[in-house]
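First comes the structure, then the notes that go with it.
Residue numbers (the working numbering), protein chains in the order written: chain Y, 1 to 231; chain H, 232 to 462.
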């Protein structure tokens, strides 16, 4: 997160019009503001985040912050955009069962240490107050989940998943029971729950639940259900 | 929500020590404060909620609010406790497949109208700022999900679910992909996604994923997976 030697310019297209110039200074400024946003969110939460705080902690002048990002909202959204510009790729364990368990365990692992959990949790919380943060969060997760297409493509190749399985739905399904507990019901998560989320997703994939409809309507006919609704 | 003729005293045990007295006046005061909290959360969100706002909108004097609830946090938590004191029971359609789809569609239906969605969404958002709101939310959902034990018990009786299926895990599984999109990834939900969440949960139930461990360790041996991890 705080790797100051990274150079987002090299890997990614410009995310915000006007926010990027040739050379590394803009990238360094952007990273400094991002770090200040993460620290501020983690320590105080979105409602307490001010331009004054971000100027002090980033070492970037308030005037520059206002000119480049417009508002705290803009800085939070850009920090999230920057967080999405990493090199993360989904696990490749050799089986869909293994990949799903590894994905779910990454979620649990990422939230085990409260210090690691604070900033991502605050991003999710910020979206309740800021439409721009909500947009940035949607983009972040959309892009992150789309990287899981590789997992499903390999599974289809190996015959573990039906052709046409919706990778985005699979990626959301394996994360959802963990995110539900972390962000909504406020319950603890652990490896057992990670494995359960993975195994549930695998069962649904195998049953064809995530197969995109191709001309036919999606009905219970896909399912291994022993009893139809009106039966 | 604003049914002023309701009498929570008749149906439920006292949720907060000292907050309930014989007769209806306390119940009416509590309901008035609850309504003000819901309106305030829906219109302004948790960070903007003040005792002044709640006094004005409930018609209850600030001194009384402070004495009885201590703080805005206390009023939010109590409003959530009161929301949990309803008569909701899970659907009973005659099959597990039908009950799960009905449960998932209730979630989608409950968030279709932004006016209906605002207060519950703000409760979830408040938990990012308030530990008391987070505790109240955990209790609310824990109790709500526990009512779904009837769904799973009927399914076990009908032979649709294995004996020992964890009803709490099933209830969370069917809600999770929808709550993920509503509260985390900020994506739209619809009937198709509700049915997909229900069908995925049904497939996992059928595969025994939610069977509580009874002496044996939980392994991929429960699953219909074609390829074991190291295979």
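Built from N, CA and C at the ideal position, the CB exists for glycine as well.
(message) The alpha helix (DSSP H) that contains residue 271 of chain H, what's its start and end?
(response) As a first step, residue 271 of chain H must be located in the second chain, where it is residue number 40. In this chain, the alpha helix (DSSP H) harbouring residue 271 of chain H covers 256 to 275.
(message) So for residue 165 of chain Y, helix, strand or coil by DSSP?
(response) As a position in the first chain, residue 165 of chain Y is number 165, starting the count at 1. Residue 165 of chain Y falls in the strand class under three-state DSSP.
(message) Using C-beta distances below 8 Å, list every residue in its chain close to residue 103 of chain Y, excluding the 5 sequence neighbours before and after it, in chain order.
(response) Your numbering for residue 103 of chain Y matches position 103 in the first chain. Contacts found: 90, 91, 148, 151, 171, 174, 175, 198.
(request) Would you tell me roughly how many angstroms separate the C-alpha atoms of residue 419 of chain H and residue 169 of chain Y, rounded to the nearest one? (result) One-based indexing of the second chain puts residue 419 of chain H at position 188. One-based indexing of the first chain puts residue 169 of chain Y at position 169. Distance between residue 419 of chain H and residue 169 of chain Y, taken at the CA atoms: about 13 Å.
(request) Alpha carbon to alpha carbon, how far is residue 438 of chain H from residue 397 of chain H? Give it in angstroms, no decimals. (result) Your numbering for residue 397 of chain H matches position 166 in the second chain. Your numbering for residue 438 of chain H matches position 207 in the second chain. Rounded to whole angstroms, the gap between the alpha carbons of residue 397 of chain H and residue 438 of chain H is 13 Å.
(message) I'd like the list of long-range same chain contacts for residue 287 of chain H, defined as Cβ closer than 7 Å, with 5 residues on each side in sequence excluded.
(response) As a first step, residue 287 of chain H is located in the second chain; it is residue number 56 there, counting from the start. Spatial neighbours of residue 287 of chain H in its own chain (CB-CB distance under 7 Å, excluding positions within 5 residues in sequence) are not present.
(request) For my contact list, residue 355 of chain H and residue 414 of chain H are in at a C-beta cut-off of 8 Å; report their separation, rounded to the angstrom. (result) In the second chain, the residue the question calls residue 355 of chain H occupies position 124. In the second chain, the residue the question calls residue 414 of chain H occupies position 183. Taking a contact as a CB-CB distance under 8 Å, the pair residue 355 of chain H and residue 414 of chain H counts as one, their CB atoms being some 5 Å apart.
(request) Compute the Euclidean distance between the alpha carbons of residue 84 of chain Y and residue 133 of chain Y, then round it to the nearest angstrom. (result) As a first step, residue 84 of chain Y is located in the first chain; it is residue number 84 there, counting from the start. As a first step, residue 133 of chain Y is located in the first chain; it is residue number 133 there, counting from the start. Residue 84 of chain Y and residue 133 of chain Y: Cα-Cα distance of roughly 13 Å.
(message) Could you compute how far the alpha carbon of residue 260 of chain H sits from the alpha carbon of residue 87 of chain Y?
(response) For this step, residue 260 of chain H is matched to residue 29 along the second chain. For this step, residue 87 of chain Y is matched to residue 87 along the first chain. Looking at the two C-alpha atoms, the distance is approximately 55 Å.
(request) Name, in chain order, the residues that DSSP records as bridge partners for residue 211 of chain Y. (result) Against the first chain, residue 211 of chain Y aligns to sequence position 211. DSSP lists Y/165 as partners of residue 211 of chain Y.
(request) Would you give the residue range spanned by the alpha helix (DSSP H) that residue 61 of chain Y belongs to? (result) For the purposes of this step, residue 61 of chain Y is taken as the residue at position 61 of the first chain. That residue, residue 61 of chain Y, is in no alpha helix (DSSP H); it is neither H nor E in DSSP.
(message) For residue 423 of chain H and residue 386 of chain H, I'd like the C-alpha separation in whole angstroms.
(response) Numbered from its first residue, the second chain carries residue 423 of chain H at position 192. Numbered from its first residue, the second chain carries residue 386 of chain H at position 155. Residue 423 of chain H and residue 386 of chain H: Cα-Cα distance of roughly 23 Å.
(request) Alpha carbon to alpha carbon, how far is residue 267 of chain H from residue 279 of chain H? Give it in angstroms, no decimals. (result) Start at 1 with the first residue of the second chain, and residue 279 of chain H comes out as number 48. Start at 1 with the first residue of the second chain, and residue 267 of chain H comes out as number 36. Residue 279 of chain H and residue 267 of chain H: Cα-Cα distance of roughly 13 Å.
(request) Please confirm whether residue 300 of chain H and residue 309 of chain H have their CB atoms less than 8 Å apart. (result) By 1-based counting over the second chain, the position of residue 300 of chain H is 69. By 1-based counting over the second chain, the position of residue 309 of chain H is 78. Result yes, Cβ atoms of residue 300 of chain H and residue 309 of chain H sit closer than 8 Å.
(request) Using only alpha-carbon positions, find the residue among H/270, H/262, H/431 that is nearest to residue 346 of chain H. (result) Mapped onto the second chain, residue 346 of chain H falls at position 115. Nearest Cα to residue 346 of chain H within the set H/270, H/262, H/431: H/270.
(message) Residues in the same chain with beta-carbon distance under 7 Å from residue 178 of chain Y, minus the five sequence neighbours each way, listed in chain order, please.
(response) For the purposes of this step, residue 178 of chain Y is identified with residue 178 of the first chain, where counting begins at 1. Answer for residue 178 of chain Y: 104, 107, 108, 189, 193, 194, 197, listed in chain order.
(request) List the residues of chain Y that residue 404 of chain H touches, going by C-beta distances under 7 Å, in chain order. (result) Here residue 404 of chain H refers to the residue found at position 173 of the second chain. Going along chain Y in sequence order, the residues near residue 404 of chain H (Cβ under 7 Å) are 177, 200.
(message) Taking the straight line between their C-alpha atoms, what separation do you get for residue 74 of chain Y and residue 46 of chain Y?
(response) Locating residue 74 of chain Y in the first chain gives position 74, where the first residue counts as 1. Locating residue 46 of chain Y in the first chain gives position 46, where the first residue counts as 1. Using only the alpha carbons, I get a separation of about 12 Å.
(message) Beta-carbon within less than 6 Å of residue 293 of chain H's beta-carbon, same chain only, minus the 5 sequence neighbours each way: which residues are those?
(response) If you number the second chain from 1, residue 293 of chain H lands on position 62. Once the five neighbours on either side are set aside, the close Cβ partners of residue 293 of chain H are 282, 286.
(message) Assuming contact is defined by CB atoms lying nearer than 8 Å, are residue 238 of chain Y and residue 357 of chain H in contact in what I supplied?
(response) No answer is possible for residue 238 of chain Y: it lies beyond the span of chain Y, which begins at 1 and ends at 231.
(message) Quick check on this structure: which residue in Y/212, Y/119, Y/135, Y/158 has the alpha carbon closest to the alpha carbon of residue 164 of chain Y?
(response) To locate residue 164 of chain Y, count along the first chain from 1; it is residue 164. Of all alpha-carbon atoms in Y/212, Y/119, Y/135, Y/158, the one lying nearest the alpha-carbon of residue 164 of chain Y is that of Y/212.
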